[in-house]
Amino acid sequence: STFYVPFWVILICHAAIGLGTLFGGWRIVHTMGMRITALQPVGGFCAETAGAIALFGSATFGIPVSTTHTITGAIVGVGSVRRLSAVRWGVARNVVWAWALTIPCSAAIAALIYLPFKWA
């Protein structure tokens, strides 16, 4: 069996991802690379490599994981090895809160957007 995705859906998804990166990408990069811990090139390499290994392993076993969560954990790991105080735990806590709130908030927003279409 095949699953067809209309071309306009693909274009809208590309546009949404592109606009999200354009308007929010630098802030995310700054938080990941500087605010959680001051990431140096070798630390970035280690975090990206660890994240890639974790993602490859999870994909091999069919376990759905978030790339962002995986890389963030790896960055915290690199900062922790330098020294625990090198990690800004308050920033890391805020990131975790954002993750925890994203799923229910997105679900609520999607439900509100879908309601008018349900009765159309």
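If you read the sequence shown in this note's numbering, its first letter stands for residue 1, the second for the next number, and so on. Here a beta-carbon is modelled for each residue, glycine too, at the ideal position from N, C-alpha and C.
The Cβ atoms of threonine 21 and glycine 51 lie no closer than 9 Å to each other. DSSP places tyrosine 4 outside both helix and strand once states are collapsed to three, so it counts as coil. Look at the beta carbons and you see the segment 77 to 88 touching the segment 38 to 55: at least three pairs across the two are nearer than 8 Å. Linking threonine 31 to isoleucine 10 through their CA atoms gives a straight-line distance of about 29 Å. Rounded to whole angstroms, the Cβ separation of threonine 72 and valine 95 is 6 Å, and the two are in contact under 8 Å. Burial state of threonine 68 is exposed, judged by a 10 Å Cβ sphere holding fewer than 16 other Cβ atoms. When DSSP states are grouped into helix, strand and coil, serine 80 belongs to the helix group.
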